[in-house]
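Take a look at the structure set out below.
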Amino acid sequence: MTTEAEAVDDVHEKIGKQFYSRCSPTYFSNVMSELKSILGEQQLMRISDSPFCKWIDMPVLEISSGRLDYFLNRFDVPSCSFLINDDVMIPFRSSDFSIVLGLHHSGQPVDLDLKMESRFLARHFASKVTKADQAAIRERMMLLAGTSYLTPGFIFPYLDDLTTFFNHSWGDAAFRFLYREICHLGSKMYVDGCVVGLMALVYESIPTLGVRRSLNLYPRLFRWGKSRIPLKSDEADTLLNRVDITQVSVICF
Numbered sequence: 001m002t003t004e005a006e007a008v009d010d011v012h013e014k015i016g017k018q019f020y021s022r023c024s025p026t027y028f029s030n031v032m033s034e035l036k037s038i039l040g041e042q043q044l045m046r047i048s049d050s051p052f053c054k055w056i057d058m059p060v061l062e063i064s065s066g067r068l069d070y071f072l073n074r075f076d077v078p079s080c081s082f083l084i085n086d087d088v089m090i091p092f093r094s095s096d097f098s099i100v101l102g103l104h105h106s107g108q109p110v111d112l113d114l115k116m117e118s119r120f121l122a123r124h125f126a127s128k129v130t131k132a133d134q135a136a137i138r139e140r141m142m143l144l145a146g147t148s149y150l151t152p153g154f155i156f157p158y159l160d161d162l163t164t165f166f167n168h169s170w171g172d173a174a175f176r177f178l179y180r181e182i183c184h185l186g187s188k189m190y191v192d193g194c195v196v197g198l199m200a201l202v203y204e205s206i207p208t209l210g211v212r213r214s215l216n217l218y219p220r221l222f223r224w225g226k227s228r229i230p231l232k233s234d235e236a237d238t239l240l241n242r243v244d245i246t247q248v249s250v251i252c253f
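Structural data, given as structure tokens:
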């Protein structure tokens, strides 16, 4: 087991290498707005029954990519925690992350390495295109959640049966996907996954670091507006060094 001192040294060594996220809340919000405008009534009804229904109306989140990258570089893999200072760490747990994202933590597990032919992909993308104008191409590509970011392929086979799709632990899947990405930070520069959820996790754990826009918004990721954490890393370090254990809150329903 890694001691706390070793974890601190590991994160201190990692800071400066600068790893970056490819999670853009503004881009995602814009994609959802465009997608909603082309969905039919039956499609919208199906989505409204799913745990993902709130995300189609995701507001523009005032979350800086610089702050995301700052905390990404303060993550310690062995302890699965974010280093706030030498005395305070925020654990990164599947249950907490699921609460922040508003997705199920329990249920049937999702296989992140699932590789099988998807009827969903074949139906929408393997057929002959007879209408190839720009608008038609864009509408079809919108089904892949935009053209700038990769949708993980393991998701599509689960879309073949919507009666069981909602029985899976998608919150835990989001956690495990992101954790696996972070664990590979040493071999690459960019991280995929819902990194924006990490910022809300920090605010939920230490509320004094963020500014709530409302207590009623759901999922909890949507509740947080502006940040009290400076954009300059040295100023952010100074603020985090003042945080003590009494300011840390337990994330609960």
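Numbers 1 to 253, taken from UniProt numbering, label the letters of the sequence shown in order.
In this text, a Cβ means the ideal position worked out from N, Cα and C, and glycines have one as well.
_Beta carbon of Pro219 nearer than 8 Å to that of Val100_ = yes
In this structure, how does DSSP classify Asp76 when only helix, strand and coil are distinguished?
strand
**Study point:** Rounded Cβ spacing between Ile206 and Val243 (contact assumed at less than 8 Å)
**Key:** 6 Å
Checklist entry - Excluding sequence positions up to five away, which residues of its chain have a Cβ less than 8 Å from the Cβ of Ser94? => result His105, Gly171, Asp172, Phe175 and Arg176
- prompt: DSSP three-state call for Pro152: helix, strand or coil?
  reply: coil
Check: Between the stretch 34-45 and the stretch 79-92, do at least 3 Cβ pairs fall closer than 8 Å?
Finding: no
message = Under DSSP, the beta strand (DSSP E) around Arg212 begins and ends at which residues?
response = Gly210 to Arg212
Expected contact under 8 Å - CB spacing of Phe154 and Pro51 to nearest Å:
No, Phe154 and Pro51 are not in contact; Cβ-Cβ is about 17 Å, not under 8 Å.
Exposure label - Glu34; buried when at least 16 CB within 10 Å: exposed
Check your understanding: Quick one: what does DSSP say Pro59 is sitting in, helix, strand or coil?
Key -> coil
Subject >> Nearest residue (CA-CA) to Thr246, options Val88, Arg213, Pro152 and Glu204 >> reply: Val88
For this session: Work out the CA separation of Arg223 and Pro230 for me, nearest whole Å.
Result: 19 Å
If you draw a straight line from the C-alpha of Cys53 to the C-alpha of Gly225, how long is it? 21 Å
I need the boundaries of the alpha helix (DSSP H) containing Ser25, first residue and last residue. In the sequence as displayed, the identity of residue 25 is Pro instead of Ser. It spans Pro25 to Ile38 - the alpha helix (DSSP H) in which Pro25 sits, taken as one unbroken run.
- [ ] Rounded to whole angstroms, what's the CA-CA distance from Ser249 to Phe97? Just pull it up for me.
- [x] 14 Å
| said: Do Leu209 and residue 259 have their beta-carbon atoms positioned less than 8 Å apart in this structure? | reply: Because the chain here runs from 1 to 253, residue 259 falls outside it and cannot be looked at.
Problem set entry | Proximal residues to Val60 (C-beta, below 8 Å), its chain only, five neighbours per side dropped | Pro25, Thr26 and Ser29
Note to self: Suppose contacts are defined by Cβ-Cβ distances below 8 Å. Is Leu215 in contact with Cys194 by that definition?
What the structure shows: no
#### Entry: Residue environment, Met189, which counts as buried when at least 16 other CB atoms sit within 10 Å
exposed
- Item | Helix, strand or coil at Val195 [DSSP, three-state] | coil
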